[in-house]
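> The working numbering numbers the first residue of the sequence shown as 1 and each following residue consecutively. Cβ atoms here follow ideal geometry from the backbone N, Cα and C, with glycine treated the same way. As the structure is a prediction and not an experimental result, all values here were calculated from the model.
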Amino acid sequence: MTSRRTARPLQRFLAVRQELNVEVPAEQLADAWGKVRDLCGTLKCELLSSSLLRETPQQPGNAMLEMRVEPADVDKLLGGLAGVASVVSHTTTSEDKTAEVIDVEARIKNRTEFRDSLRAMLRDTVTKRTMTDLLAIQRTLSDTQAELDAIATQRKVLAQQTSKQHIQIQFTARRALVSGGDGYSPMRNALRNAGSVLSESVGSLITFIAAVLPWLLLVVLPVGWLVRVLWRRRRAS
Numbered sequence: 001m002t003s004r005r006t007a008r009p010l011q012r013f014l015a016v017r018q019e020l021n022v023e024v025p026a027e028q029l030a031d032a033w034g035k036v037r038d039l040c041g042t043l044k045c046e047l048l049s050s051s052l053l054r055e056t057p058q059q060p061g062n063a064m065l066e067m068r069v070e071p072a073d074v075d076k077l078l079g080g081l082a083g084v085a086s087v088v089s090h091t092t093t094s095e096d097k098t099a100e101v102i103d104v105e106a107r108i109k110n111r112t113e114f115r116d117s118l119r120a121m122l123r124d125t126v127t128k129r130t131m132t133d134l135l136a137i138q139r140t141l142s143d144t145q146a147e148l149d150a151i152a153t154q155r156k157v158l159a160q161q162t163s164k165q166h167i168q169i170q171f172t173a174r175r176a177l178v179s180g181g182d183g184y185s186p187m188r189n190a191l192r193n194a195g196s197v198l199s200e201s202v203g204s205l206i207t208f209i210a211a212v213l214p215w216l217l218l219v220v221l222p223v224g225w226l227v228r229v230l231w232r233r234r235r236a237s
């Protein structure tokens with residue numbers, strides 16, 4: 001009787017990124033931003049960066065949150081966000097890091113075994129080695145450990161990217177669209193802008209006159225007077 005070994009499914013390592021644009025009434029933007037930021041503090045959520053720009057007469061307000069959230073708490077965070085803001089756009093991207101993780105883990109295993117063999121050589125008191133040999137082993141051990149530390153750091157970065165989802169939320173102030181007498185009217189806007197348009201036209205005319213008048217006095221009038229004198233002489237003769 002033969003037994004079949006079931007192949008163990010390959011564990012996949014995915015780096016998931018979500019980007020959301022949300023709208024909030026201008027007077028509630030700072031409050032909504034603060035609630036989502038505080039909600040992150042109650043979950044398995046790492047706040048990477050945050051910014052808040054309050055509304056001024058010159059520019060509308062906006063805010064941003066950038067976080068890493070464990071998959072189990074993503075729905076809780078997005079649910080809290082839906083309670084204070086309206087989602088305008090939501091983009092999710094996923095990058096497969098499985099091959100990169102496997103390669104890094106294989107390098108860690110290889111370098112660890114090599115480092116341990118070098119340590120064993122230094123502890124070996126049976127084999128006779130010269131001082132030059134011992135220094136060469138020590139130098140190789142130091143380089144191997146440095147390489148191993150760098151690979152271990154790379155593995156930690158991959159773990160951060162694949163164990164938590166990267167979520168970025170952009171808050172913008174909602175534009176009020178009002179219907180009726182106070183709504184948008186092309187004719188009202190045209191009348192409102194008529195004064196500035198007229199002022200610009202008058203200004204352009206004054207600039208044109210100021211540029212042409214000196215040439216009119218210096219060139220056009222003398223030439224006209226000369227032509228008139230010659231015409232009279234010709235007529236008299």
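(1) Taking the C-alpha atoms as reference points, what is the distance between D143 and I151?
(2) Here's the rule I'm using: 16 or more other beta-carbon atoms within 10 Å means buried, otherwise exposed. How should Q165 be labelled?
(3) Where does D96 sit, in a helix, a strand or coil, going by DSSP?
(4) Compare the Cα-Cα distances from T172 to each of R37, E27, T140 and T132 and report the closest residue.
(5) So the candidates are L77, D103, R129 and S117; which of them puts its Cα closest to the Cα of R37?
(6) Can you tell me whether V74 is buried or exposed? The criterion is at least 16 other CB atoms within 10 Å of its CB, across all chains shown.
(7) By how many angstroms is the C-alpha of N62 removed from the C-alpha of V87?
(8) Below 7 Å CB to CB, which residues in the same chain sit around R107 once its five sequence neighbours on both sides are set aside?
(9) So, do the region 57 to 71 and the region 31 to 48 have three or more beta carbon pairs nearer to each other than 8 Å?
(10) Can you name the start and end residues of the beta strand (DSSP E) that A254 belongs to?
(11) I need the boundaries of the beta strand (DSSP E) containing V16, first residue and last residue.
(12) In this structure, does DSSP put V69 in helix, strand or coil?
(13) Looking at the structure shown, is E55 part of a helix, part of a strand, or coil, going by DSSP?
(14) Any chance the region 84 to 104 sits against the region 9 to 19, with 3 or more Cβ pairs inside 8 Å?
(15) Give me the DSSP bridge partner(s) of C40.
(16) Count the other C-beta atoms from every protein chain shown that fall within 10 angstroms of the C-beta of G183, then say buried if there are 16 or more, exposed otherwise.
(17) What do you reckon, are the CB atoms on L158 and E100 nearer than 8 Å?
(18) Relative to the C-alpha of E46, which residue among P57, I137 and Q168 is closest?
(19) Contact defined as beta carbons within less than 8 Å: I believe I137 pairs with L122. What is the distance between those atoms, to the nearest angstrom?
(20) Helix, strand or coil for L48 per DSSP?
By the coordinates alone:
(1) 13 Å
(2) buried
(3) strand
(4) E27
(5) L77
(6) buried
(7) 14 Å
(8) I151
(9) yes
(10) Look at the range of the chain in this structure, 1 to 237, and you will see that residue 254 is not part of it.
(11) L14 to V24
(12) strand
(13) coil
(14) yes
(15) Answer by DSSP bridge pairing: none, since C40 is not bridged.
(16) Any answer about G183 is weak, because its pLDDT of 47 lies below 50 and its placement is not dependable; what the coordinates show is given next. Exposed: under 16 other Cβ atoms inside 10 Å.
(17) yes
(18) Q168
(19) 6 Å
(20) strand
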